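J.: Just so we're aligned: the sequence shown equals residues 4 to 292 in the numbering used here. Have a look at the structure that comes next, please.
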Amino acid sequence: MKGRDGEGSVQVHQDDSMKIEGAKVFSVYGKGGIGKSTTSSNLSAAFAKLGKRVLQIGCDPKHDSTFTLTGSLVPTVIDILKEVDFHAEELRPEDFVFDGWGGVKCVEAGGPPAGTGCGGYVVGQTVKLLKQHHMLEDTDVVIFDVLGDVVCGGFAAPLQHADKAVIVTANDFDSIYAMNRIIAAVQAKSNNYKVRLAGCIANRSRDTDEVDRYCDRVGFKRIGHMPDVDALRRSRLKKKTLFEMPDEEDIVQCRAEYIRLAEALYNGTESHAPAPLPDREIFELLGFD
4 MKGRDGEGSV
14 QVHQDDSMKI
24 EGAKVFSVYG
34 KGGIGKSTTS
44 SNLSAAFAKL
54 GKRVLQIGCD
64 PKHDSTFTLT
74 GSLVPTVIDI
84 LKEVDFHAEE
94 LRPEDFVFDG
104 WGGVKCVEAG
114 GPPAGTGCGG
124 YVVGQTVKLL
134 KQHHMLEDTD
144 VVIFDVLGDV
154 VCGGFAAPLQ
164 HADKAVIVTA
174 NDFDSIYAMN
184 RIIAAVQAKS
194 NNYKVRLAGC
204 IANRSRDTDE
214 VDRYCDRVGF
224 KRIGHMPDVD
234 ALRRSRLKKK
244 TLFEMPDEED
254 IVQCRAEYIR
264 LAEALYNGTE
274 SHAPAPLPDR
284 EIFELLGFD
């Protein structure tokens, strides 16, 4: 069957009342463990440094997206809804929206129990709550930090809200393979939604030659590069973004790159429509003989 989001799709089309209006909305995707939450949180902090009102929404059952902004694991929307037997009208904004560094508003959507339910429901309920409580009306930037490289309908749901999708990758085969799949998912969503690809960020990578070779091949663009510095690892251990860390040379350089990225994204990057490669061609381009 042919669905509204691509061939074989059985996804539900987004209700127009759930559109996020007024804010610039970004969805961050990438291979599991690639550093999406670190990237998202530091970008949120950078937007805050630029004077923007920021909301970060973590879309992962681990609910650790906003960990370095708040300094703790905050309760998830799903956990809080369970406490009130899913009577959302009983909730107040302070029950599920938490203040992070620089005034960043932090929400952890959470996820369904393992092996049950759908992440799309969780994302939808979170946006619905935020709209009901008018939390999106005074926001300049919304960042969705999305689970791993899962591109099923559920965790592709933030793409229904986003203006731009950002992919976090590294200079290795597995990360670029995941990026190729994510590009295909975003392209499918762009047939029916406003979302477009902003570009990719090479994270914790000494070199970018393989990423750049892939981008040249498919018509994509690397918009950022975070070097493989230990400060990125230490910041997670210290429950802080780089903007709270000491002014060491590598930290200052990384902060400057996040600020540059935030400015570029807010001002509007060029939209890209790359053509993802079939699996065999990915292996021929980057794989082993």
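The beta carbon of each residue, even a glycine, is placed where N, CA and C say it ideally should be. Every value quoted in this text rests on a predicted model; they were computed, and no experiment measured them.
Roughly how far, in whole angstroms, is the beta-carbon of Leu72 from the beta-carbon of Gly103, given that I think they are within contact range, below 8 Å?
T.: The pair is a contact, with the Cβ atoms about 3 Å apart (cut-off 8 Å).
J.: Pull up the DSSP beta-bridge partners for Ile83, would you.
T.: Its beta-bridge partners do not exist; DSSP assigns none.
J.: Which value, in whole angstroms, describes the spacing of the CA atoms of Met182 and Glu251?
T.: Taking the straight line joining both Cα atoms gives about 32 Å.
J.: Is the Cβ-Cβ distance between Ile170 and Leu46 less than 8 Å?
T.: Cβ atoms of Ile170 and Leu46: not closer than 8 Å.
J.: The beta strand (DSSP E) that contains Ile254, what's its start and end?
T.: Counting along the chain, Ile254 falls outside any beta strand (DSSP E), though it belongs to the alpha helix (DSSP H) covering Glu252 to Asn270.
J.: Compute the Euclidean distance between the alpha carbons of Ala265 and Ile179, then round it to the nearest angstrom.
T.: Rounded to whole angstroms, Ala265 to Ile179 spans 23 Å at the Cα level.
J.: Restricting to Cα atoms, I'd like to know which of Gly127, Lys242, Lys39 and Ala49 is closest to Val144.
T.: Considering only alpha carbons, the answer is Ala49.
J.: Can you give the beta carbon distance from Lys197 to His275, rounded, assuming they're within the 8 Å contact cut?
T.: Contact flag wrong, Cβ pair sits at about 14 Å.
J.: Based on the DSSP secondary-structure assignment, which residues constitute the bridge partners of Val144?
T.: Answer by DSSP bridge pairing, in chain order: Lys27 and Val57.
J.: Are there 16 or more other CB atoms within 10 angstroms of the CB of Asp63, so buried, or fewer, so exposed?
T.: Its Cβ being crowded by 16 or more others within 10 Å, Asp63 is buried.
J.: Output the residue ranges of the beta strand (DSSP E) runs that lie fully inside the region 188 to 246 and measure 3 residues or longer, sorted by chain position.
T.: Qualifying beta strand (DSSP E) stretches, in chain order: 199 to 206 and 225 to 229.
J.: Suppose you measure from the CA of Gly54 to the CA of Glu287; what does that come to, to the nearest Å?
T.: The alpha-carbon atoms of Gly54 and Glu287 are separated by roughly 45 Å.
J.: Can you have a look at Arg258 and say buried or exposed, based on whether 16 or more other CB atoms are within 10 angstroms of its CB?
T.: Its Cβ being crowded by 16 or more others within 10 Å, Arg258 is buried.
J.: Does the beta-carbon of His137 have 16 or more other beta-carbons within 10 angstroms, so that it is buried, or is it exposed?
T.: It is exposed - the Cβ of His137 has fewer than 16 other Cβ atoms within 10 Å.
J.: Going along the chain, which residues of its own chain have a beta-carbon closer than 7 Å to the beta-carbon of Val126, five neighbours each way excluded?
T.: Excluding sequence neighbours, Val126 sits near Cys62, Ala112, Ala160 and Pro161.
J.: So, helix, strand or coil for Pro277, using DSSP?
T.: Correct three-state label for Pro277: coil.
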